[in-house]
Structures are given as structure tokens and as C-alpha cells.
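Working notes, beginning with the structure itself.
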Amino acid sequence: MISLEKQILYMIQHRHVITAAELIEIYKDRGKTEQTIRNALSSLKQKGYILAEERRYTLTESGTAFIQSLQLKISGSNSEWDGRWHVVMFRIPEQFRSLRNTFRRELVQIGYGLLYDGVFICPYNRCASVMQVARLTGLEKWIRMGSLDLEHGPVTADLAEQIWPVQAVNEKYGLFSAWASAQIDKWSAAAANPAAEPSPWNVLLLVLELGERFGEILLEDPFLPEQLLPKPWQKEQAWELYNQHLNQLVPLLRSESHLFSLIVPID
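Just so you know, we're using the numbering used here here: the sequence shown kicks off at 924 and counts up by one.
The following block contains the structure:
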């Protein structure tokens, strides 16, 4: 499932302020214990992503920048690729293994792929996001970055499949599309019976499930240029079905502003 910490960050971003009690109440019906939620909040505080004051949580500048780095991966993929590669290189001492592993995981979520040991590449310039993660982990002095044209040994679609899990991601998009299509048909049939309309609370849980299922894939998707992707690439269909199902659910929450503000940003 999508990282619990990241979903909490998005909720705080939408609401601006949220309490631990609210999060515990929401996630107990998603199978998360109170201790799991408190551990996630503690981790986010340690990373510098949130501030806590009288059990009320808000985003820090670092937390906002981190969310923006994930959004940049998605929005940046709409740009035409210029053929250049952006490279991150590092050789971090073994004593910092845990931080190194964290850094590597975040690189992958930003969209970088492992070319060689300690060498990650990305077709788009996400250096600002990389440095944000490097500063938060305290590893910036070991990081080297740059961009280049590969004069020999181009990264082909076949090689991209070895660097990034594009085939697995494509299959997940297909499975999500099948699930979302079934949900849309189910809700379309239920709409004919207003008496069967679910409570706003249950709708919120369904929105969270939809977000978890689709968000997991988005975190894994490196958002590569079209020429490096397998054919057919099933992302567009999945996006359409995600939005279609979301548009079925969200209107049912509009009358409950307290719940609605968890999934839609407050102006």
C-alpha cells in the first residue's frame, strides 16, 4: 500500500492542521493500530516534515517540499524529453548504511533508476528533489550530480526494463483498471437506489482505498519518456478510471466539510 507516512502528509497538506486523534479514528477502520499511527507521526517529526504543537500537526517547509518532489515526478513527465540523462553518484560509508538505504529508496520514488552500484539516472532533471532528500538524511557531502549525453551505450527500452520495474508497473496499472472498472459499474448500479447510499464516513474510507491502490503504483512508476516504455502502456486508462471513480465518490462528501477537507485542499 501507499506509504502511510506519505498519505498522512497529504492529509495534513489538505487540512493544514490535523490531530493525532483524528488520524487514529480514520485509520482504525483501515486496519491500522493507534501505535502504528503514532509511530508514523514520530517518524515524520524526526525527518523534519511536520511540527507538533498541543497534539496538532502541521507541515514544515521540508514536508511541503517533499510532497512537491513527488508531484514534480508526475507533472514533469509531460515535458518532452531532450535525450539527456541526469545522474546521481555517491559512495557513502558503511557506517551510514541505514541512511544510505533511505536515500536510495527515496531516489527510486523520485524516479531515478540504478544503472551501476552507486550510480542512479533519470531522464528528467529532479536535482532539487534529490538535494532535498540528501540534506534531510545528512548525506549531501557524499552526493555528486550532473547531466550528460550518452555517446556510447544508449539506454534503450530493453535496458530500461532492467533498470526500472516498468513491466511490473504496467501489470499493476492493468490490474487497477480492472478493479476500478468493476467499482465504477457497482456504483453506477447503486446510484439507481438512493436508499442504499453509504454514509459519508464509509465514502471517505472508499476514497482512501482508491488512493492507496492507485498511489502505490504512482510511487513505483518512474514516469519515463514514451520511447522507453513497453507497449501498450496502461497508465492512461488507469488514470481515466481513477478519476472517473473518484468523481463518483467525492460529491457524496461535499455535505461533510470536515471529511471533505481531508481529500481536497482548503483554500
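Virtual Cβ for every residue (Gly too), placed ideally from N, Cα, C.
DSSP state of residue i mapped onto helix, strand, coil
i: residue 975; result: strand
i: residue 1156; result: coil
i: residue 1051; result: helix
i: residue 1060; result: helix
i: residue 1186; result: coil
i: residue 942; result: strand
i: residue 956; result: coil
i: residue 1178; result: coil
i: residue 1134; result: helix
i: residue 1146; result: coil
i: residue 1195; result: No answer is possible for residue 1195: the residues shown for the chain start at 924 and end at 1190.
i: residue 1123; result: helix
i: residue 1201; result: In the structure displayed, the chain extends from 924 to 1190; residue 1201 sits before or after that span and is not available.
i: residue 966; result: helix
i: residue 998; result: helix
i: residue 1173; result: helix
i: residue 924; result: The pLDDT assigned to residue 924 is 41, lower than 50, so where the model puts this residue is not dependable; a value taken from the coordinates is nonetheless given after this. Looking at residue 924 - three-state DSSP - the assignment turns out to be coil, as it is neither helix nor strand.
Residue interval of the beta strand (DSSP E) (run including residue i)
i: residue 1066; result: 1066-1071
Separation of residue j from residue i, as counted between CA atoms
i: residue 998; j: residue 1014; result: 30 Å
i: residue 1049; j: residue 1123; result: 39 Å
i: residue 1059; j: residue 1010; result: 19 Å
i: residue 974; j: residue 985; result: 11 Å
i: residue 1173; j: residue 1187; result: 9 Å
i: residue 932; j: residue 990; result: 8 Å
i: residue 1149; j: residue 1007; result: 15 Å
i: residue 1041; j: residue 1135; result: 31 Å
i: residue 1057; j: residue 981; result: 22 Å
i: residue 967; j: residue 1087; result: 27 Å
i: residue 899; j: residue 1047; result: Past the boundaries of the shown model lies residue 899; the chain is included only from 924 to 1190, so the question cannot be answered.
i: residue 941; j: residue 1045; result: 35 Å
i: residue 1159; j: residue 1089; result: 14 Å
i: residue 1111; j: residue 1102; result: 14 Å
i: residue 1157; j: residue 987; result: 30 Å
i: residue 938; j: residue 1023; result: 32 Å
i: residue 1125; j: residue 1154; result: 37 Å
i: residue 964; j: residue 1075; result: 47 Å
i: residue 1180; j: residue 976; result: 23 Å
i: residue 1091; j: residue 1169; result: 24 Å
i: residue 1137; j: residue 1165; result: 7 Å
i: residue 936; j: residue 929; result: 10 Å
i: residue 1034; j: residue 1053; result: 10 Å
i: residue 1016; j: residue 1067; result: 15 Å
i: residue 954; j: residue 1061; result: 34 Å
i: residue 1020; j: residue 1027; result: 10 Å
i: residue 1171; j: residue 1131; result: 14 Å
i: residue 961; j: residue 943; result: 7 Å
Residue(s) in a DSSP beta bridge with residue i
i: residue 950; result: For residue 950, which the question treats as bridged, DSSP gives no partner whatsoever.
i: residue 982; result: 973
i: residue 1140; result: In the DSSP output, where bridge partners are listed per residue, residue 1140 has none listed.
Alpha helix (DSSP H) segment containing residue i, residue limits
i: residue 927; result: 927-938
Residue i at chain C interface by Cβ criterion, 7 Å
i: residue 954; result: In the structure shown, chain C does not exist; there is a single protein chain.
Residue i CB to nearest heavy atom of the ligand ADP below 6 Å
i: residue 986; result: With respect to small molecules bound, the structure shown includes none, and the ligand ADP cannot be examined in it.
May I have a chain-ordered list of the alpha helix (DSSP H) segments no shorter than 4 residues that lie completely inside the segment 1078-1116?
-> Segments of the alpha helix (DSSP H) lying fully in the segment 1078-1116: 1080-1086, 1089-1113.
Residue ranges of each beta strand (DSSP E) run of no fewer than 3 residues wholly in the segment 1007-1048, ordered along the chain?
-> The qualifying runs are 1008-1013, 1036-1039, 1042-1045.
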